[in-house]
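Numbering (our numbering), first residue to last: 365 to 434.
To start, the structure itself, in structure tokens.
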Ligand SMILES: [Zn+2]
């Protein structure tokens with residue numbers, strides 16, 4: 365399996381500037397590679413790859429301390 369990149373860059377949905385998102389640590393779980401970053405405008409940007417259900421759960425979560433649980 366390919367190692368995920370640690371930093372990705374996306375365009376902010378709010379202001380259109382580029383925002384860097386960082387790979388989040390997930391405890392002993394390979395279901396998902398969640399990325400999260402804060403734009404300079406203050407908007408939180410999330411991106412994730414992996415298990416569709418886990419990705420959906422992550423992206424739809426309002427919780428800043430999102431934790432994947434089985
Ligand atoms: Zn922004």
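Even glycine gets a Cβ: it sits at the ideal position worked out from N, Cα and C.
None of these values were measured; they are calculated from a predicted model.
Fill in: Reduced DSSP secondary structure (H/G/I, E/B, other) of residue 395
coil
Discussion item. By DSSP's criteria, residue 382 is part of a beta bridge. Which residues make up the other side?
Written reply: 375
Worksheet item: Alpha carbon to alpha carbon, how far is residue 390 from residue 399?
Response: 10 Å
Worksheet entry | Residues near residue 376 by beta carbon distance below 7 Å, same chain, minus five either side | 383, 403, 405, 407, 409
Item to complete: Would you tell me roughly how many angstroms separate the C-alpha atoms of residue 425 and residue 380, rounded to the nearest one?
Response: 22 Å
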